[in-house]
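Novice: Remember, this note's numbering sits 8 above the position in the sequence shown when you count from 1.
C-beta atoms are modelled at their ideal positions from N, C-alpha and C, and glycine is treated no differently.
In this text the structure is predicted, and so the values were computed from the model without any measurement.
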Amino acid sequence: MSAHNPSPARSFLPAYLRSAEPLVRRNALLDLWGAIAYGVFFGAALQFIPVVLRNLGASTEMLALYTSLTYLGSILTSFSIVLMRRRRTKSFAVACWYAARSIFLFVGLVQQIPWLVLLIGLFWFLEAFPSPAYTRIVQVIYPEEIRGKILALARLGMTIAVVAITPLAGWALDIWGHQILFPLAGLMGILSTVFFNRIEVNEGPLPPRQTKTMAGLLAIVRTNRPFALHLLSFTVYGLGALLGFALYPVVQVDRLHLSYTQIGLLGLAQSIFWLLGFLYWGGAVDKRGGLWVMRINLLIAVCVPLSYMWATNIWMLLPAFIAQGIISAGVDLGLINTSISLAEPDKVVEYAAVQATVIGLRGAITPFIGAWLLRLGVEDTVIFAVGSLIILLSWWITGRIHMKPNPAGAALRYRWPLRFRFPRF
9 MSAHNPSPAR SFLPAYLRSA EPLVRRNALL DLWGAIAYGV FFGAALQFIP VVLRNLGAST
69 EMLALYTSLT YLGSILTSFS IVLMRRRRTK SFAVACWYAA RSIFLFVGLV QQIPWLVLLI
129 GLFWFLEAFP SPAYTRIVQV IYPEEIRGKI LALARLGMTI AVVAITPLAG WALDIWGHQI
189 LFPLAGLMGI LSTVFFNRIE VNEGPLPPRQ TKTMAGLLAI VRTNRPFALH LLSFTVYGLG
249 ALLGFALYPV VQVDRLHLSY TQIGLLGLAQ SIFWLLGFLY WGGAVDKRGG LWVMRINLLI
309 AVCVPLSYMW ATNIWMLLPA FIAQGIISAG VDLGLINTSI SLAEPDKVVE YAAVQATVIG
369 LRGAITPFIG AWLLRLGVED TVIFAVGSLI ILLSWWITGR IHMKPNPAGA ALRYRWPLRF
429 RFPRF
């Protein structure tokens with residue numbers, strides 16, 4: 009059947025997929041269905057974990073530990089490049105994701121909060137560790153001229169799934185509890201891996217040029233000043249965003265006494281603006297570049313801690329959730345484009361690993377600072393205010409980055425396809 013007369017089963021596909029090679033089209037559809045299944049997994053489980061822990065009685069320090077553990081896999085991402093040297097990248101990634109998402113089948117059996125935190129921390133380690141493998145796979149399976157469109161389609165499918173499932177998940181948590189909902193969500197995470205495992209990847213082990221030593225990876229930061237400044241600005245942003253992050257569930261549960269259903273509705277608003285953000289920021293990256301998008305989103309991010317600082321009812325948290333949805337998309341696309349524009353074309357994976365490691369180190373330390381300040385008697389409102397000022401500082405530092413004009417740079421905005429996980433700060 010010709011491309012001009014598509015079968016009913018393929019008529020819903022965009023034109024670039026209908027005209028693509030059969031193998032590319034098959035891989036793209038599997039990637040899309042996997043992303044949708046992951047969106048259900050995220051919407052039903054991952055975004056509710058901090059509030060569930062607080063409702064179970066987790067202390068601020070324990071919430072800080074949980075937040076820190078979500079970055080452990082990012083810290084060690086650089087080592088995954090070495091491990092992939094003699095392994096097929098898809099097998100390596102799939103094995104990690106199967107192990108990670110299977111953990112949720114057992115979380116309902118764990119009652120003690122410390123063990124539950126460590127178990128979910130193990131999930132985040134295995135989930136993030138093979139992220140460079142996904143980068144390598146997508147570079148192989150999709151033609152460069154339509155790679156961005158395919159990845160955008162998968163992201164939108166995932167976000168739509170999150171929008172659809174979030175309010176239902178909040179209601180289900182109130183009725184059933186996490187002991188039932190989280191294992192069901194884990195099944196969807198496993199299903200996402202099943203879809204991805206069916207993707208056909210015709211490639212061998214990671215090439216030697218992408219398996220640098222740690223000294224070689226550190227040399228990237230020493231020799232590329234704009235990239236080093238970019239890492240500094242994003243690190244400072246993370247310090248501000250994460251300083252009070254472990255206190256957000258405390259505000260939601262202790263100060264405002266929100267139910268899971270109410271939090272689910274706030275999450276719905278966040279997911280809607282997350283979806284709209286992908287639609288808008290993609291065009292903005294094309295027109296103005298990733299660095300401009302990053303600066304605007306850093307400015308928007310200031311209102312997240314400020315909303316928690318002043319919140320006395322559920323509606324006063326709505327701006328924080330809307331802003332988080334906007335910046336989840338904007339920082340994602342802006343960070344990707346800025347980093348690729350600063351990287352040498354043949355070292356994209358290495359730059360991704362260096363950036364992930366820096367983000368991981370920052371994320372592992374900062375939550376404890378906020379918890380420590382609270383224990384010293386510093387009011388949570390002061391911690392939120394300081395976080396906002398630090399985010400403003402990152403906005404200023406980002407303005408100091410000067411990049412050479414690159415007409416082809418806009419087309420690269422999706423070429424760094426980090427597998428979706430919990431929104432990074």
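Residues in its own chain within less than 7 Å of Thr346 by CB, not counting five upstream and five downstream?
Specialist: These residues qualify, in order along the chain: His238, Gly298, Leu299, Met302.
Novice: Note down, in chain order, each residue of its chain lying with its Cβ closer than 7 Å to the Cβ of Val310, except the 5 sequence neighbours on either side.
Specialist: Once the five neighbours on either side are set aside, the close Cβ partners of Val310 are Ser396, Ile399, Leu400.
Novice: In or out: Phe114 buried (at least 16 other Cβ within 10 Å) or exposed?
Specialist: With fewer than 16 Cβ atoms within 10 Å of its Cβ, Phe114 is classed as exposed.
Novice: Among Ala103, Leu159, Ala328, which one has its Cα closest to the Cα of Asp39?
Specialist: Comparing Cα positions, the closest option is Leu159.
Novice: Identify, in the order they occur along the chain, each residue of the same chain with its Cβ nearer than 7 Å to the Cβ of Gln363, setting aside the five sequence neighbours on each side.
Specialist: The residues are Leu239, Ser347.
Novice: Below 8 Å between beta carbons: does that hold for Tyr79 and Ile405?
Specialist: Cβ atoms of Tyr79 and Ile405: not closer than 8 Å.
Novice: Assign Pro213 to one of three DSSP states: helix, strand, or coil.
Specialist: For Pro213, the predicted model reports a pLDDT of 49, less than 50, meaning its position is unreliable and no value from the coordinates is stated.
Novice: For Pro22, is the classification buried or exposed, using 16 other Cβ atoms within 10 angstroms of its Cβ as the cut-off for buried?
Specialist: Its Cβ having fewer than 16 others within 10 Å, Pro22 is exposed.
Novice: I'd like the list of long-range same chain contacts for Tyr46, defined as Cβ closer than 7 Å, with 5 residues on each side in sequence excluded.
Specialist: Cβ within range, chain order: Met166, Gly197, Ser200, Phe428.
Novice: So, at 6 Å on beta carbons, what are the nonlocal neighbours of Lys98 in its own chain, with the 5 sequence-adjacent residues on each side left out?
Specialist: Excluding positions up to five away in sequence, the list reads Ile145, Val209.
Novice: Does DSSP put Gln218 in a helix, in a strand, or in coil?
Specialist: Model confidence at Gln218 stands at a pLDDT of 48, short of 50, so the residue's coordinates are unreliable; what they give is reported in the following sentence. Helix at Gln218.
Novice: Would you kindly work out how many angstroms separate the C-alpha atoms of Ala254 and Trp380, rounded to a whole number?
Specialist: Going from the Cα of Ala254 to the Cα of Trp380 covers about 11 Å.
Novice: Apply the 10 Å Cβ neighbour rule to Trp318 and answer buried if 16 or more other Cβ atoms are within range, or exposed otherwise.
Specialist: Per the 10 Å Cβ criterion, exposed.
Novice: Below 8 Å, how does it come out for the stretch 274–290 and the stretch 326–344: are there three or more Cβ pairs, yes or no?
Specialist: Taking 8 Å as the limit for Cβ pairs, the verdict is that the stretch 326–344 does touch the stretch 274–290.
Novice: In whole angstroms, what separates the C-alpha of Ile1 from that of Leu130?
Specialist: Missing from the structure shown is residue 1; the chain here goes from 9 to 433 and no further.
Novice: Report the three-state DSSP secondary structure of Arg96 (helix, strand or coil).
Specialist: Residue state, collapsed to three classes: strand.
Novice: Can you find at least 3 beta carbon pairs, one from the stretch 167–174 and one from the stretch 51–60, that sit closer than 8 Å?
Specialist: Yes: the two stretches touch, three or more of their Cβ pairs being nearer than 8 Å.
Novice: Say whether the stretch 176–192 touches the stretch 284–296, bearing in mind that this needs 3 or more beta-carbon pairs closer than 8 Å, one atom from each stretch.
Specialist: As far as the Cβ criterion goes, the stretch 176–192 does not touch the stretch 284–296, which means the pair count is below three.
Novice: Excluding sequence positions up to five away, which residues of its chain have a Cβ less than 6 Å from the Cβ of Phe133?
Specialist: Cβ within range, chain order: Leu80, Gly81.
Novice: What's the gap between the Cα of Pro234 and the Cα of Val293?
Specialist: Going by the C-alpha atoms only, they are around 19 Å apart.
Novice: Suppose the cutoff is 7 Å on Cβ atoms and the five residues either side in sequence are ignored; what does the same chain contact list for Thr365 look like?
Specialist: Ser82, Ile83, Thr85, Ser86.
Novice: Is the separation between the beta-carbon of Ile207 and that of Ile149 shorter than 8 Å?
Specialist: Yes; because the gap between Cβ atoms is below 8 Å, this pair is in contact.
Novice: Nearest by alpha-carbon distance to Ile173: which of Ala162, Ala193, Tyr316, Arg155 is it?
Specialist: Ranking Ala162, Ala193, Tyr316, Arg155 by Cα distance to Ile173 puts Ala193 first.
Novice: Which value, in whole angstroms, describes the spacing of the CA atoms of Pro191 and Gly407?
Specialist: Each residue's Cα considered, the two are about 45 Å apart.
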